[in-house]
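Let me begin by presenting the structure, written as C-alpha cells, before commenting on it.
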Amino acid sequence: MEKLSIKKDWHKFFFKNSFYNPASPEAVKRAEKEVNFILKKSKIKKGAAVLDLCCGPGRHSLVFAEKGFKTTGVDFSKEYLREAENKAKAKKLSMLLIKKDMREINFKERFDLAVNLFTSFGYFIKKTDDLKTLKNLHKALKKGGKLFLDVINGDFIRKNYRHKHWEKIGKDYFLLEKTVLSKDKKTSLNEWTKIKNGKISSGKFFVRLYGKRDISEILNKAGFKILSFYGNFEGKKLSVDKNRLIVLAEKS
Numbered sequence: 010m011e012k013l014s015i016k017k018d019w020h021k022f023f024f025k026n027s028f029y030n031p032a033s034p035e036a037v038k039r040a041e042k043e044v045n046f047i048l049k050k051s052k053i054k055k056g057a058a059v060l061d062l063c064c065g066p067g068r069h070s071l072v073f074a075e076k077g078f079k080t081t082g083v084d085f086s087k088e089y090l091r092e093a094e095n096k097a098k099a100k101k102l103s104m105l106l107i108k109k110d111m112r113e114i115n116f117k118e119r120f121d122l123a124v125n126l127f128t129s130f131g132y133f134i135k136k137t138d139d140l141k142t143l144k145n146l147h148k149a150l151k152k153g154g155k156l157f158l159d160v161i162n163g164d165f166i167r168k169n170y171r172h173k174h175w176e177k178i179g180k181d182y183f184l185l186e187k188t189v190l191s192k193d194k195k196t197s198l199n200e201w202t203k204i205k206n207g208k209i210s211s212g213k214f215f216v217r218l219y220g221k222r223d224i225s226e227i228l229n230k231a232g233f234k235i236l237s238f239y240g241n242f243e244g245k246k247l248s249v250d251k252n253r254l255i256v257l258a259e260k261s
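When we follow this note's numbering, the leftmost residue of the sequence shown carries the number 10, and every step to the right adds one.
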C-alpha cells in the first residue's frame with residue numbers, strides 16, 4: 010500500500026483550497042436542522058452567548074445569529090471569515106468574527122454554548138494540542154455551559170476502512186479520497202484529489218480518529234462532564250455503524 014506524508018502545518022494551506030465546500034446549498038440547508046437539534050438538546054435560553062469554534066464560512070454561526078443569539082465565530086482561515094462577514098452584512102446580522110488558531114483562544118467564562126462541528130477537531134499531530142483546545146473551550150464557557158462536539162466516528166472508520174474511494178460532490182465535481190491509517194489505527198493521513206471541468210487539484214490532511222472511549226477520556230481530562238452521545242443530528246444512538254460521533258458535554 011502506498012504511503013502518504015504530510016507537513017506539520019498542513020492546515021495552513023489545505024483550507025485555502027475549497028476541496029469540500031462547507032457553504033454549498035446542501036450544507037447550508039442542513040445547518041438549520043443541525044442548529045435546531047443543538048438548541049433542543051443544549052436547552053440554552055434565547056439571547057445566550059454562543060461560540061462557534063472553527064466557524065468556517067459561517068453556515069452555523071449565521072443561523073445562531075438569525076435566531077437571536079449573541080454569536081462569536083472563530084476560524085483560522087481569513088478567506089472563510091471574509092465570506093462569513095459578507096453573508097452577515099447581506100442579512101444585516103450582528104456577530105463577532107475572529108481570526109485565531111483554536112489553540113490560542115483565550116476567553117474566560119464568556120459563553121453559554123460552544124460548538125465545534127463538521128470534524129473541525131483532531132487536526133493536530135500532537136494530541137496535547139487537542140487537549141489544549143478543549144481546555145480553552147472549558148475556560149471559555151460559563152459554569153454549566155454546554156459544548157457540542159461533532160467529529161468523524163473513529164470506530165466507524167476502523168470498521169469500514171477503505172484505502173481509496175470516489176465521491177461525486179453535488180453536480181460540480183468528483184473527489185478521490187486516499188486514506189492511510191497509522192499502525193494503531195488512531196490517526197489517518199488523507200489525500201483528496203478534486204477533478205472539476207477537466208482540472209485536477211489535490212491536498213493532504215491529518216485527522217485523529219476519536220472513538221467513544223477516546224473522546225470521553227480527553228473531554229474528562231479537560232474538565233467536561235459528558236451528558237449524551239449521538240450518531241447523527243436526528244438524535245440516533247451512537248454506534249459503530251454511524252459515521253458521526255456527536256457529544257454533548259457540560260462545564261461542571
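Idealized CB from N, CA, C, for every residue including glycine.
Residue i: first and last residue of the uninterrupted alpha helix (DSSP H) it sits in
i	result
A123	Where A123 is concerned, there is no enclosing alpha helix (DSSP H), although the beta strand (DSSP E) it sits in stretches over 120-125.
S70	68-75
T142	136-149
D250	Premise fails: D250 is in no alpha helix (DSSP H) and is neither H nor E.
Inter-residue Cα distance where the pair is residue i and residue j
i	j	result
R217	F46	25 angstroms
M10	A57	Any reading at M10 must be qualified, since the residue scores a pLDDT of 49, below 50, and its modelled position is unreliable; the value itself is stated next. Each residue's alpha carbon lies about 50 angstroms from the other.
D250	L102	39 angstroms
K194	K98	44 angstroms
R253	P34	21 angstroms
K247	F238	Here residue 247 turns out to be Leu, not Lys, going by the sequence shown. Cα to Cα, the separation comes out at about 6 angstroms.
K16	V189	15 angstroms
L105	L90	10 angstroms
I255	K100	29 angstroms
K230	L140	8 angstroms
Y37	D61	This sequence places Val at residue 37; Tyr is not what is there. One C-alpha to the other measures close to 15 angstroms.
L126	I227	17 angstroms
K187	L257	31 angstroms
R112	Y132	11 angstroms
K173	K152	44 angstroms
L146	D138	12 angstroms
Which listed residue (the options) has its alpha carbon closest to that of residue i
i	options	result
K136	F215, E75, N115	F215
K52	K141, K38, F78	F78
A123	T142, K96, K177	T142
I134	E243, S191, K245	S191
A74	R171, R119, V44, K177	V44
C64	L48, D84, K76, K54	D84
F157	K76, K177, K213, F233	F233
I114	R39, L150, E88	L150
T81	I107, N95, K96, F183	I107
Test item: CB-CB of residue i and residue j under 8 angstroms
i	j	result
K155	E259	yes
E72	E41	This sequence places Val at residue 72; Glu is not what is there. Contact flag set, yes.
S197	I166	yes
K205	D181	yes
V59	F130	no
Contact test: residue i Cβ vs the ligand NAD heavy atom, cutoff 7 angstroms
i	result
P34	With respect to the ligand NAD, the structure offers nothing, as it holds no ligand at all.
Counting pairs of beta carbons, one from the segment 162-180 and one from the segment 215-232, are three or more of them closer than 8 angstroms? Touching, per the Cβ criterion.
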